[in-house]
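As they're listed, the protein sequences go chains A and B. The number in the working numbering is simply the position in the first sequence, starting from 1, with 132 added. The number in the working numbering is simply the position in the second sequence, starting from 1, with 375 added. All C-beta atoms in this analysis are idealised placements derived from N, C-alpha and C, irrespective of residue type, glycine included.
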Amino acid sequence: MERFNQEIIKLAVEEGSKAGAKEVVAKLVEDDSYQIRFSNSEIDVIKRWKRYYLDVFLSKGHPLSLGKKITTLTIQDPDAKKIKQRVPKEVRILDGMPNSKLYWGMDSQDHPSYPKVKGLFDKNIDGFSERAPSLIMKAIDGSISKGPDKVAGVLYFGKSKIGLLTGYGNGGTYRTSHCRATIRAFHKSKSSGQDLVVSRNVTDIEKKLIDAGKQAGDLAKRGAESKEGKEGTYDLIMSPTVGANILGSLISSANPIMMISGMSPLKGKMGKKVFPDSISVADDPMITGGMNSRPFDAEGTPSQRTDIIRDGEFAGIIHNSSSAKLWKLINWIKLKFWVKPKTTANSALGQLGMTGTENDPRTLMPAPSNYHFKPGTYSIDEIISSSTRPTIYLTSNWYTRFTSMSEGTFSTVPRDAMFLIKNGEVKGPITNLRLMGNLLDMAKNVEAVGKDLEQVQWWEVNTPTFVPTIKINNCRFTRAQM
Amino acid sequence: MDGKSLSDHAVEYGGSIGAEYIEARFLSTVDENYMARNGKFLSIQKKPGKGIGVRVLVDGCMGFGSTDRLNKGGIEELTRSVIKMAGSSRREKPIELSDEKSVKKRWKVPAKIPFHDVSGEEKQKFIKDLDKSIKKEAGRAIKNRIVFLGTQKANKYISTSQGSMIDSNISYISVFTMMNARVKDKREQRMLGLGSTSGWEWIREKDVKQTIIDGAKCLVKTIENAGKIKFDKPIDVVVSGDVSGIMAHENVGHPSEADRMMGREGAQAGESFYSDLLDKGEIGDIKLGNENVSIIDDPTLKGSPGFYLYDDECVKARRRHLIKNGYLNELLLNRQYAFEFDTNSNAAARSNSYSREPIVRMSNTFFEPGDHTKDELIEGVKKGILMNSFTEWNIDDRRFHSKYVGLEAYLIENGEVKDRMVKRPVLELTTNGILGSIDAISKDYITRMAPCGKSDPMQPVPVSVGGPHLRMRNIEVG
């Protein structure tokens, strides 16, 4: 870390306050990340991004005003001169802006200490870029050894140093490392299998990458000679990759922004049974090895675990300080004076936009850290052998889209090896089906929860999700007309 | 040194330390974004950004990196690092680029009214007025009206070790809306995107506001009137340009991307069913649809969301006829895959940021309009539906098995569109199923905008997804 300068964080807060901002957050990030992309069992490109930037969030407004004026400024390659030029100018621009009805103020309490979060940084990340290409080739070889023709995938790794300071004096500095891979094997263009590696730690990564390669290769081989799937109602066994995408979509709607915007099927379900007793889900920013684990959030609020689903009941939503204040107001207008939400330490400088590009505006908003599904008691073999009705085992999916987000009505496309199970036995691979349904109906129909637990994060799953294999009854599968 | 000089320096420096090919791309942008819900602003931001991306080939291996440290030391460190990385991998099959003519060009999209000449107040007023109009004309059923206005001014400078230089200035403007409606226990949602490569005049001259208001009114009409109809037999389906646009994009545009065909997107956006077809036949001989079906991808349409004159590998843009009279006619190619197919690039390399590598992308993809009027398409239907818009859609990662769920849809009987609306009709069709069922195409045409997502890291780029009306025969509607 050659450029990280703690002093400029302090300077940014001082400049913001001096110029008249009521609230300031300065977040300095120095990041050195790599990516290796591969396909046809060869490396296509190795990439490196070195980034050093300062995000400055600024707000102004009377304590009793409805919302506050806000803006977020990003200074690339920051230094004192740029900060002194740009921060006061941005504060002046705030004067001409309308209040944001989404922003109601940040955490002003004093936080003298933060929880120690284990496993955020592995010093072996230094020098890992030298080893990484050969490790990828070993993972490819491991995959090919199981029989497929070719392997594609991606490996991300790198390290960051993050420093945060708010105008209320909260914050600190921490380092992180990360390594995640998607390995997808293909067999005769007819079948494919995928596995993931998601880790903060690179010390024992070689075995994980080779095992993931083998698993992907094995699935691709087992998925070969597949039969056309038939439309109908089946029980569904979701691998962790699938569960993180589908059930993760429901959990991610436990967010006040989604609820206010009419995009949450969980709206109006607080305190009600949504899943059976076997499902408990929390947002946990302190979980060891979690890709979004951290000691504090973007307001400098100490990390905490928040129950979202407790023994099947919808128990809570994530908040930052601002959304908690807004949520309280909304409930008080409805005369629900007993609702007194507080921040759950889920503040992030998140993107609020509709183009999906990095140019979308950013602001302090509630955002998840890591989701954690409590594991159950069944092995995958037990789940399969107890499946007496026709059952489909999905190993991966993509392109989940909603007819109605507020209803939770959706469909998704199985992507890799998919197996038909009858009378407790795997009958063979099937193909070309689509899963359609309603998230709330599926949640009610959870029958079994596996004892395996994997962290999932990949192209189709943004929020790191620790989730086991989960079985759901009565799911509808359709197929396209030729 | 400014960004352009630094790019030139990177190319010269990279060539001197072992890169067999190097390109440097400097991008400087100013983004201005306004987002409001129900007329109340959630966020307003003006954001400048700049940096340089460097891509190299060393012994047939590729490296890419980017930096926001815009000085000589920063760019030299990046270039050294990228060359070292590329050299650290080995390929049995070296990456090579097609031979293309070196060019030095400057081009720009003339903005009659530059964004900086329009006050923030006028931009806010546009959103407030739009929201007010939606509320007034569509009524209270729309509970959430989220409006996003984005503008971007971009200066891009690309320099390559093969002597090409492209310096471009372009302006993007877009309006996205997300509306959801509720009447009793019924709920419907609609996303609608419009955009252009032009200045603020697009907002003043084009009927942006009315298109969105009409979309909102149709959403309310649908939620209030649509009822489920079960069709026991296949029927005919007429789809609007909204629906034909997304079909052209998903079912034909994506599988035409040569990098997917050759497996490079295997672990991300997926492969292409075209690979199987090309194992058995040649481009030009493979029949995909009826002979009245032609599909075009054209980056040279002035003002369109996907407009450009030179791609991010300095190749001159041109119209691509992906499907011609029902036959596979052309793929979307960058220089790497043009070399693999022993041809020239057709300028499909795009990158959405200085920090992303250029990859094969679409621009404006659409069914070529036909000779019919929309009314003529409908007159030829005994029993069917007219699908004017859609909600949910998806497709498998080889781009063959697709699904489109209708939003505003009407029953057609004996050549007439009835008042009776059909709730959420489902077209679950293969690509051949779509292209092989089309018997007539209208001459009318609409343009919609969408950010097309692909690759890892995700690179949304602006594309247009509109088109003409299509008539499809004998479709099973779910």
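Host alpha helix (DSSP H) of residue i (start-end)
| i | result |
| --- | --- |
| TYR388 (chain B) | 378 to 391 |
| GLY148 (chain A) | 138 to 150 |
| CYS593 (chain B) | 583 to 600 |
| PRO434 (chain A) | Where PRO434 (chain A) is concerned, there is no enclosing alpha helix (DSSP H), given that its DSSP letter is neither H nor E. |
| TRP181 (chain A) | No alpha helix (DSSP H) holds TRP181 (chain A); the beta strand (DSSP E) holding it covers 174 to 192. |
| THR373 (chain A) | 372 to 383 |
| SER619 (chain B) | 616 to 622 |
| TRP577 (chain B) | 576 to 580 |
| ARG635 (chain B) | 633 to 636 |
| ASN463 (chain A) | 453 to 465 |
| LEU708 (chain B) | Element bounds for LEU708 (chain B): n/a, residue is neither H nor E. |
| ILE207 (chain A) | No alpha helix (DSSP H) contains ILE207 (chain A), which is instead part of the beta strand (DSSP E) from 201 to 208. |
| GLY345 (chain A) | 337 to 354 |
| GLU751 (chain B) | 749 to 754 |
Nearest residue (CA-CA) to residue i, options the options
| i | options | result |
| --- | --- | --- |
| SER543 (chain A) | B:GLU767, B:HIS776, B:ASN789 and B:LYS798 | B:GLU767 |
| MET418 (chain A) | A:ALA477, A:PRO473, A:LEU458 and A:THR365 | A:ALA477 |
| VAL431 (chain B) | B:ARG694, B:LEU472 and B:TRP482 | B:LEU472 |
| CYS311 (chain A) | A:SER323, A:SER324, A:ILE337 and A:GLY295 | A:ILE337 |
| SER81 (chain A) | A:TYR166, A:TRP591, A:MET238 and A:ALA352 | With chain A represented from 133 up to 614, any question about residue 81 (chain A) goes unanswered, as that position is not in the structure. |
| THR748 (chain B) | B:MET566, B:VAL613 and B:LEU706 | B:VAL613 |
| ALA313 (chain A) | A:LEU205, A:LEU328 and A:TYR306 | A:LEU328 |
| ASN721 (chain B) | B:ALA784, B:SER631, B:HIS491 and B:ILE821 | B:SER631 |
| GLY193 (chain A) | A:LEU186, A:TYR510 and A:ASN231 | A:ASN231 |
| SER396 (chain A) | A:GLN167, A:THR535 and A:PRO507 | A:THR535 |
| ILE397 (chain B) | B:ASP634, B:LYS561 and B:ASP687 | B:ASP687 |
| SER730 (chain B) | B:ALA394, B:ARG400, B:HIS384 and B:SER380 | B:ARG400 |
| TRP181 (chain A) | B:GLY828, B:ARG412, B:GLY440 and B:SER839 | B:GLY440 |
| ALA516 (chain B) | B:LYS793, B:ASN709, B:LEU453 and B:LYS592 | B:LYS592 |
| GLU586 (chain A) | A:ARG521, A:ASP573 and A:VAL374 | A:VAL374 |
Limits of the unbroken beta strand (DSSP E) element including residue i
| i | result |
| --- | --- |
| VAL801 (chain B) | 801 to 805 |
| ARG412 (chain B) | 396 to 412 |
| VAL838 (chain B) | 836 to 839 |
| THR454 (chain B) | Note, THR454 (chain B): premise wrong, no beta strand (DSSP E); alpha helix (DSSP H) at 447 to 463. |
| ILE816 (chain B) | 813 to 816 |
| LEU845 (chain B) | 845 to 850 |
| TRP590 (chain A) | 586 to 590 |
| ILE225 (chain A) | No beta strand (DSSP E) contains ILE225 (chain A), which is instead part of the alpha helix (DSSP H) from 212 to 226. |
| GLU788 (chain B) | 784 to 788 |
| TYR820 (chain B) | That residue, TYR820 (chain B), is in no beta strand (DSSP E); it is neither H nor E in DSSP. |
| ASN665 (chain B) | First-last for ASN665 (chain B): undefined, no H or E at that position. |
Identity of the residues DSSP links to residue i by a beta bridge
| i | result |
| --- | --- |
| GLU690 (chain A) | Coverage of chain A is limited to positions 133 through 614, which leaves residue 690 (chain A) absent and any answer about it impossible. |
| TYR288 (chain A) | A:GLN167 and A:ARG312 |
| THR298 (chain A) | A:VAL157 |
| ALA825 (chain B) | B:VAL838 |
| ASN502 (chain A) | ASN502 (chain A) pairs with nothing; no bridge assigned. |
| MET497 (chain A) | A:ALA480 |
| ASN544 (chain B) | B:LYS483 and B:ASN530 |
| ILE441 (chain A) | A:VAL413 and A:PHE446 |
| VAL780 (chain B) | B:VAL801 |
| GLN499 (chain B) | Partner(s): none; GLN499 (chain B) has no beta bridge. |
| ILE562 (chain A) | A:LYS359 and A:MET550 |
**OP:** Please list the residues of the region 216 to 250 of chain A that have a C-beta atom closer than 7 angstroms to any C-beta atom in chain B, keeping them in chain order.
**Re:** GLY228, MET229, PRO230, SER232, LYS233 and LEU234
Original post:
What residues in the region 587 to 607 of chain B bring their beta carbon closer than 9 angstroms to a beta carbon of chain A?
Top reply: none
**OP:** Could you list the residues in the region 750 to 770 of chain B with a C-beta less than 7 angstroms from some C-beta on chain A, going in chain order?
**Re:** THR766, GLU767, TRP768, ASN769 and ILE770
**OP:** With 9 angstroms as the limit, tell me which residues of the region 461 to 489 of chain B have their beta carbon closer than that to any beta carbon of chain A; keep them in chain order.
**Re:** ALA461, SER463, SER464, ARG465, ARG466, GLU467, LYS468 and ILE470
Subject >> Length at least 4, wholly inside the region 511 to 554 of chain A: the alpha helix (DSSP H) runs in chain order >> reply: 512 to 517
Original post:
Listed from N- to C-terminal order along the chain, which residues in the region 277 to 306 of chain A have their beta-carbon within a distance smaller than 9 angstroms of any beta-carbon of chain B?
Top reply: LYS282, VAL283, ALA284, GLY285, VAL286 and TYR288
Subject >> Interface positions of the region 177 to 190 of chain A facing chain B (Cβ-Cβ less than 8 angstroms), listed along the chain >> reply: VAL177, ILE178, LYS179, ARG180, TRP181, LYS182, ARG183, TYR184 and TYR185
Original post:
Using a beta-carbon distance cut-off of less than 8 angstroms, what residues from the region 718 to 736 of chain B approach chain A?
Top reply: ASN727, SER728, SER730 and GLU732
**OP:** Kindly provide the ranges of any alpha helix (DSSP H) runs that are 4 or more residues long and lie completely inside the region 502 to 535 of chain B, ordered along the chain.
**Re:** none
**OP:** Using a Cβ-Cβ cut-off of less than 8 angstroms, give me the residues of the region 502 to 523 of chain B that come near chain A, in sequence order.
**Re:** LYS518, ASN519, ILE521 and PHE523
Original post:
Taking any Cβ of chain A, which residues in the region 612 to 626 of chain B have a Cβ under 9 angstroms from it, in chain order?
Top reply: none
Original post:
Of the residues that make up the region 402 to 428 of chain B, which ones have a beta carbon closer than 8 angstroms to any beta carbon in chain A?
Top reply: THR404, ASP406, ASN408, MET410, ARG412, LYS415, PHE416, LEU417, SER418, ILE419, GLN420, LYS421, LYS422, GLY424, LYS425 and GLY426
Subject >> the region 522 to 548 of chain A: positions lying closer than 9 angstroms to chain B by Cβ >> reply: For the region 522 to 548 of chain A, the set of residues with a beta-carbon nearer than 9 angstroms to any beta-carbon of chain B comprises TRP530, TYR531, THR532, ARG533, PHE534, THR535, SER536, MET537, SER538, GLU539, THR541, PHE542, SER543, THR544, VAL545, PRO546 and ARG547, in chain order.
Subject >> 3 or more residues per run - each beta strand (DSSP E) lying fully within the region 649 to 691 of chain B >> reply: 670 to 672
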